[in-house]
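Enquirer:
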Amino acid sequence: MRKATNKQLKNYIKTEVQNYITYAKKHNKQVTKNEVKKVINNTLEYLNGLQYNDKHYITNEQLQKFYL
Numbered sequence: 000m001r002k003a004t005n006k007q008l009k010n011y012i013k014t015e016v017q018n019y020i021t022y023a024k025k026h027n028k029q030v031t032k033n034e035v036k037k038v039i040n041n042t043l044e045y046l047n048g049l050q051y052n053d054k055h056y057i058t059n060e061q062l063q064k065f066y067l
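Numbering (my numbering), first residue to last: 0 to 67.
In structure tokens:
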């Protein structure tokens with residue numbers, strides 16, 4: 000099992016934010032900075048709960064870098 004790279008974590012978070020923006024536009028909702036922060040922090044909480052999957056593991060130090 001390999002440690003997940005910061006680039007992988009950034010890409011995952013970026014994808015989640017992009018999914019939220021797409022969802023918001025589809026439902027005619029306004030995208031706010033606070034909502035984006037909430038999505039990022041929820042994603043980090045999810046990753047923190049996950050910590051590892053079949054191929055990668057994530058350290059707490061890595062996650063701390065991304066919290067807003």
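Glycine included, C-beta positions come from ideal geometry on N, C-alpha and C. Every value quoted in this text rests on a predicted model; they were computed, and no experiment measured them.
Grab me the residues of Ala3's own chain with a C-beta within less than 8 Å of its C-beta, minus the 5 sequence neighbours each way, in chain order.
Expert: Here Ala3 has His55, Tyr56, Ile57 and Gln61 as same chain residues with Cβ atoms under 8 Å from its own Cβ, once five neighbours each way along the sequence are excluded.
Enquirer: Going by DSSP in three states, Lys2 sits in which element: helix, strand or coil?
Expert: strand
Enquirer: Measuring CA to CA, which of Thr42, Gly48, Gln17 and Gln50 is closest to Phe65?
Expert: Thr42
Enquirer: Would you kindly work out how many angstroms separate the C-alpha atoms of Asn5 and Tyr22, rounded to a whole number?
Expert: About 26 Å.
Enquirer: Less than 8 Å between the C-beta atoms of Val38 and Tyr11, yes or no?
Expert: For the pair Val38 and Tyr11, the CB atoms are not nearer than the 8 Å cut-off.
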